Each structure stands twice: as structure tokens, then as C-alpha cells.
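Residue numbers (full-length UniProt numbering): 1 to 349.
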């Protein structure tokens, strides 16, 4: 059997954009009568039958925002969602979570499937917490779905796509300087995979600090989940000595490291100091309380939702005026947030 014709086939035959073809077949505004007739004739000749359910979805009022995460076990996302939901609520929109690394392991296949699902469900916009492929960003753009990145950079080719990030290099140098101030000269950096773009600058910063303060540094990599962090650090300690300080690159790495240290009865900070990235609600309640480099993920969620809301409202206004609802990004949509080292007792203070 031959493959069923698609909307993309109609677009190719007519030389018109998928946006124009979709609106023509859905009897929506912004398309001339001649164009509408050309599209309908091409669809008939190809044997393309519009999906009425999908057409109705395209007529929605842009009520659903998807937050793409990579393992919701990270408390960073929980606090970020608070900010997103609080900001979206007055607009009548809701946020749904799409986890593309539920067990901490990212796959391109799952990313592609998730993006397809978001297009089919006609999401109003996307907030992505890890770098998506350029293909995914461009496909969402073709369907007029704006994207805002948080805590990760967009693909290098997507220069105008909004992003809220931290200067992870400078932040890691600050962590290293604090460790050096205690006189620690033997550090271990427990890192997640480089698929998350923050990894590179966090590692680069801690390496720079170790050279600057003449400290010995080991870097070990785990998958981005608690169990993997636990197994990776356990295996390392089975074959090596205990470092004087551990820097855990995010919440799952902190959780895994704490399990290992607790099981082996290593005293924090007397035997090994511990610093983590990103604060969380129970960090001050640990014994000892955890020193963290915090970037206030709840406020980042607020900022991301505010940017996305403005873009979506502009799209709605464009549609009302008969113009294509292309996402309109602004230079101010690229932002840097300043981290804060919250000093507690786990570092030795």
C-alpha cells in the first residue's frame, strides 16, 4: 500500500507553507480565496483528507504550555514549576510536564516523539530545561510553537530563541574559591552527562578553580538520576580514596552522594565536605545543613512563563489581524541570572 498523503505533501506540491495550507484547509482567516482554492484542489488530487480533530485543536485558544524536563526527580524542576504555574494561572493557561529522561537517560527518539505529541496536541508554547536538537526547535517553529530555554542553552544556530541561564563558569569558580578558603586541596566533581549544556561550564569553572588554587581535582560522570549517582560514586570510592571535598553538580548528584556517605558512615564535613548546585526545601534541614550554589529556580520559572505569555499573546493578536502567528522573539528574552552561594555547615563553615 502506498503511504497516505500528508499536509507536508500538500505544502510541497503547492509551494506554500504548512501554516498557509493548514489554515486554507481549516477555513481559517489570513488566506485569500484563490490560495484556499489552490490548496483544496491540490489536496483533492493527492487524496489528502484533513484531520478534523487536528483542525479543531488548531483553533484552540492556546491554553496549554508544555514544560520539557529530563528526570523530574530533580527538585530544581519542582520549584521552577511553582513559578511557572503561579504566572500562568491568571492567564487561564496550564502547564503540563513532558519528561524526556524519566530514568535520567536521555534518548533522541523520546525527544522526537515528545515534540510530535506537542505539535499534535497544539501546545501553546514550550519551556525546555535541556538543549533540544535544532530539528526539534525548527519543527516547533514551523508550527508556530514558541520555545523558551531555562538552565540550558538553545542550539547554537538558534541565536534568537529565548533562554534564561546562569554564568555556570563563574559560579563554579566561586565554589572552588570557597573550598580553597577552607584549605581543602583534594576535590571530586560528581557530574551529570554533557547532554545538559550546563555541565560543560560547571566543569570548566571547577577545573579553572582547581588550577588557580593548586588543588587536585577528579571528575566522574554519572547518568542524571539518583541511583546512577549513587552507583558511580560508590564504585569510585571502592577503588580510590575519599576526597576532602565533593562538589555535586545538581540535586540528583547530591542525593546519590548523601546516600553513599551515610551508608559508609563518613562524617560531613569533618571527613568530607559537600557542596551542591541548586537549593531545595529540605537542604537547610539536613544534618549538617547543605551548602548550595542557588539560582532561584522558582523565579526562573516566573521569568520563563512571563516571556512565553508575551509571545503567545502577540501571536493571538497577529491571528486576529490576519497575519501569520510567527513567534516574535526579542533580544531581552536572552537573560542571565546571578547565582548565590548559600553557606551552611556541610562545607565546613
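In this text, a Cβ means the ideal position worked out from N, Cα and C, and glycines have one as well. Owing to the predicted nature of the structure, the values given are computational and were not obtained by experimental measurement.
Pairwise C-alpha distance: residue j and residue i
{"i": "residue 94", "j": "residue 63", "result": "6 angstroms"}
{"i": "residue 321", "j": "residue 65", "result": "23 angstroms"}
{"i": "residue 147", "j": "residue 336", "result": "17 angstroms"}
{"i": "residue 295", "j": "residue 109", "result": "31 angstroms"}
{"i": "residue 308", "j": "residue 262", "result": "42 angstroms"}
{"i": "residue 290", "j": "residue 344", "result": "6 angstroms"}
{"i": "residue 238", "j": "residue 100", "result": "32 angstroms"}
{"i": "residue 324", "j": "residue 39", "result": "17 angstroms"}
{"i": "residue 117", "j": "residue 140", "result": "11 angstroms"}
{"i": "residue 334", "j": "residue 19", "result": "27 angstroms"}
{"i": "residue 169", "j": "residue 327", "result": "31 angstroms"}
{"i": "residue 114", "j": "residue 98", "result": "7 angstroms"}
{"i": "residue 164", "j": "residue 218", "result": "29 angstroms"}
{"i": "residue 88", "j": "residue 293", "result": "27 angstroms"}
{"i": "residue 160", "j": "residue 316", "result": "20 angstroms"}
Pick from the options that is closest to residue i, judged by C-alpha positions
{"i": "residue 158", "options": "330, 344, 339, 342", "result": "330"}
{"i": "residue 312", "options": "11, 68, 124", "result": "124"}
{"i": "residue 11", "options": "107, 30, 35, 117", "result": "35"}
{"i": "residue 224", "options": "180, 256, 46", "result": "256"}
{"i": "residue 135", "options": "155, 144, 122", "result": "155"}
{"i": "residue 194", "options": "323, 222, 269", "result": "222"}
{"i": "residue 281", "options": "46, 348, 75", "result": "75"}
{"i": "residue 187", "options": "302, 208, 168, 314", "result": "208"}
{"i": "residue 341", "options": "7, 91, 42, 173", "result": "173"}
{"i": "residue 42", "options": "163, 91, 21, 28", "result": "21"}
{"i": "residue 191", "options": "228, 122, 211, 171", "result": "228"}
Cβ-heavy atom distance, residue i to the ligand PLP, below 7 angstroms
{"i": "residue 291", "result": "No copy of the ligand PLP appears in this structure; indeed no ligand is present at all."}
Bridge-paired residues (DSSP) for residue i
{"i": "residue 191", "result": "221"}
{"i": "residue 64", "result": "94"}
{"i": "residue 281", "result": "For residue 281, which the question treats as bridged, DSSP gives no partner whatsoever."}
{"i": "residue 163", "result": "149, 334"}
{"i": "residue 340", "result": "294"}
CB contact below 8 angstroms: residue i versus chain C
{"i": "residue 32", "result": "Checking the listed chains, one finds no chain C in this structure; it contains a single protein chain."}
Mind pulling the beta strand (DSSP E) runs of 3 or more residues that sit fully within the region 219-271? 245-248
Taking only runs that begin and end inside the region 112-156, name each unbroken beta strand (DSSP E) of 3 or more residues, in chain order. 125-128, 147-150
The region 197-204 touching the region 75-95, judged by at least three CB pairs closer than 8 angstroms: no
Is it the case that the region 244-259 contacts the region 176-194, given that we only count it when at least three CB pairs across the two stretches are under 8 angstroms? yes
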